[in-house]
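Structure record follows, encoded as structure tokens.
Set out below in structure tokens:
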């Protein structure tokens with residue numbers, strides 16, 4: 014039995030070189046910048062929240078970018094499609110919240126089970142059937158509830174660091190307000206640079222702890238518990254299959270490609286397993302980054318996959334020097350990291366709200382959101398799990414007509 018869908022012909026390096034141009038290289042760099050600015054800050058914020066050691070934070074960053082880069086290059090060469098693999102952004106926020114009351118070893122155990130579940134669902138080909146009774150809007154309502162506190166932190170953290178926080182927020186707004194400027198410099202990157210300068214001038218940045226060197230991954234012994242399974246494994250599995258990969262599939266279909274859906278699921282499971290042993294949370298196919306690489310700005314449709322190769326190579330290089338990025342958690346005050354992490358999530362939060370509360374299953378999405386954002390915990394199980402359960406029940410009772418259609422909206 015062939016696990017992966019058939020390749021799109023043999024790998025032709027001459028063809029790859031032929032598609033190396035300003036469009037594919039430039040788009041690949043933009044995709045890389047997107048992935049190593051805002052999303053990386055979210056990991057740093059989660060690690061800070063969980064009080065992880067610098068070595069563990071470096072290992073987490075290293076493995077998720079290394080695996081994401083390798084998978085991106087594989088899909089680009091094997092299928093000739095502009096696919097960008099990475100890791101689940103809302104999943105990182107969920108993990109950061111869970112690590113306040115679940116040990117890191119238990120979280121790693123939850124990652125391992127997640128990887129196995131995703132892989133088996135991919136091999137079995139029953140992903141669509143498994144998703145039937147869990148509507149995408151309900152999942153997104155839960156995701157919105159997970160992300161909401163991070164967005165609120167942008168405002169609540171400013172009084173803790175008034176001058177630097179205000180300058181950082183205003184910088185983000187100014188960069189975002191100009192489309193031409195935002196295309197050249199991602200607003201989060203601009204806010205990060207200005208925030209660093211402001212923190213240095215205000216003497217709240219401790220540059221003496223800057224760590225420069227090559228990353229050394231750390232093996233983590235997994236622990237297993239029912240609490241971590243219910244609070245992390247189930248939501249993370251659903252995020253990878255029903256949210257992250259679905260976004261990427263929709264992006265590619267919209268651009269006229271035929272994405273290998275089964276392979277997406279299988280490779281996400283395998284990537285998650287590799288990530289987990291070094292402290293990294295689940296891998297997935299990244300919707301936003303795939304959208305950048307597959308956009309018309311990458312040039313001719315048949316050569317856009319080269320942008321994904323550029324992005325993948327740069328991610329691998331970034332993985333090797335993650336000690337520099339990880340040391341930011343020690344250099345910058347926690348309030349500034351919270352502000353930057355929240356700003357990085359604003360676009361994702363807006364998109365999540367839009368997709369969750371428009372169309373079908375709106376009531377289920379609202380209940381999932383409210384239960385999750387409440388922070389309620391029953392039987393030592395966090396609110397994201399109860400948000401999913403409550404959202405599905407509410408939707409089934411109040412929106413029965415929406416369940417008449419087998420296919421959930423993406």
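Numbering (the working numbering), first residue to last: 14 to 423. In this text, a Cβ means the ideal position worked out from N, Cα and C, and glycines have one as well.
Segments of 3+ residues assigned as beta strand (DSSP E) that fall wholly inside the segment 292–370: Correct list: 296–298.
Under the three-state DSSP convention, the category residue 174 falls into: Correct three-state label for residue 174: coil.
Residue 380 and residue 248 closer than 8 Å at C-beta: Cβ atoms of residue 380 and residue 248: not closer than 8 Å.
Best match in 109, 299, 376, 169 for proximity to residue 64 [C-alpha to C-alpha]: By alpha-carbon distance to residue 64, the top candidate from 109, 299, 376, 169 is 109.
Rounded separation between residue 207 and residue 196 - CA only: Across the structure, residue 207 and residue 196 are spaced so that their CA atoms are roughly 17 Å apart.
Distance between residue 317 and residue 23 (C-alpha atoms, nearest Å): Rounded to the nearest angstrom, the two C-alpha atoms are 17 Å apart.
Residue 132 versus 385, 285, 371, residue with shortest Cα-Cα distance: Of 385, 285, 371, the residue nearest in Cα terms is 285.
Own chain residues within Cβ distance below 6 Å of residue 417, not counting five before or after: Same-chain partners within the cutoff: there are none.
Distance between residue 259 and residue 340 (C-alpha atoms, nearest Å): Going from the Cα of residue 340 to the Cα of residue 259 covers about 34 Å.
Where residue 391 sits in the DSSP three-state scheme: Strand.
Residue 14 to residue 332 span [Cα, whole Å]: Legend: pLDDT at residue 14 = 47, less than 50; position of this residue unreliable, value from coordinates given subsequently. One C-alpha to the other measures close to 34 Å.
Residue 122 burial status per 10 Å Cβ neighbour count (16 or more: buried): Its Cβ being crowded by 16 or more others within 10 Å, residue 122 is buried.
For residue 27, the three-state DSSP class (helix, strand or coil): Under the three-state reduction of DSSP output, residue 27 falls in the helix class.
Extent of the continuous beta strand (DSSP E) run through residue 98: 98–100 is the extent of the beta strand (DSSP E) around residue 98.
Every unbroken beta strand (DSSP E) within the segment 175–210, with a cutoff of 3 residues, ordered by chain: Complete beta strand (DSSP E) runs here, min 3: none at all.
Distance between residue 411 and residue 72 (C-alpha atoms, nearest Å): Their backbone Cα atoms lie some 45 Å apart in a straight line.
Proximity below 8 Å, CB of residue 153 to CB of residue 365: Yes; because the gap between Cβ atoms is below 8 Å, this pair is in contact.
Nearest-angstrom Cα separation, counted from residue 257 out to residue 116: When rounded, the distance between both Cα atoms is 25 Å.
Straight-line gap, residue 222 to residue 205 (C-alpha atoms, nearest Å): Those two C-alpha atoms are separated by around 18 Å.
For residue 62 and residue 111, the rounded distance between their alpha carbons: About 10 Å.
Beta-carbon proximity check, residue 100 vs residue 327, cutoff 8 Å: No Cβ-Cβ contact shorter than 8 Å links residue 100 with residue 327.
Buried or exposed by the 16-neighbour rule on C-beta atoms within 10 Å, applied to residue 176: Exposed: under 16 other Cβ atoms inside 10 Å.
Local conformation of residue 271 per DSSP, three classes: Looking at residue 271 - three-state DSSP - the assignment turns out to be coil, as it is neither helix nor strand.
Contact check, residue 194 vs residue 188, beta carbons under 8 Å: Cβ distance < 8 Å, so residue 194 and residue 188 count as in contact.
Own chain residues within Cβ distance below 6 Å of residue 80, not counting five before or after: Taken in chain order, the residues that qualify are 284, 287, 288, 296.
Three or more C-beta pairs below 8 Å linking the segment 157–171 and the segment 348–357: Contact between the segment 157–171 and the segment 348–357 is present: 3 or more CB-CB pairs across the two stretches fall below 8 Å.
Local conformation of residue 62 per DSSP, three classes: In this structure, residue 62 counts as helix in the three-state DSSP scheme.
Cβ pair residue 325, residue 86 closer than 8 Å: Less than 8 Å divides the Cβ of residue 325 from the Cβ of residue 86.
Buried versus exposed call for residue 20 [16 or more other C-beta atoms within 10 Å across all chains shown]: When all chains shown are included, residue 20 counts as exposed.
Closest residue to residue 361 among 36, 52, 28, 38 (Cα-Cα distance): For residue 361, the nearest C-alpha among the options comes from 52.
For residue 215, the three-state DSSP class (helix, strand or coil): Correct three-state label for residue 215: coil.
For residue 278 and residue 199, the rounded distance between their alpha carbons: Going by the C-alpha atoms only, they are around 30 Å apart.
Beta-carbon spacing of residue 302, residue 105 below 8 Å: Taking a C-beta distance under 8 Å as the contact criterion, residue 302 and residue 105 do not qualify as a contact pair.
Alpha-carbon to alpha-carbon, residue 385 and residue 173: Here the C-alpha atom of residue 173 lies approximately 26 Å from the C-alpha atom of residue 385.
Residues near residue 236 in its chain [Cβ-Cβ closer than 8 Å; skip 5 each side]: Excluding the 5 residues flanking it on each side, residue 236 has same chain C-beta neighbours closer than 8 Å at 116, 118, 119, 121, 122, in chain order.
Straight-line gap, residue 391 to residue 157 (C-alpha atoms, nearest Å): Whole-angstrom Cα-Cα distance: 20 Å.
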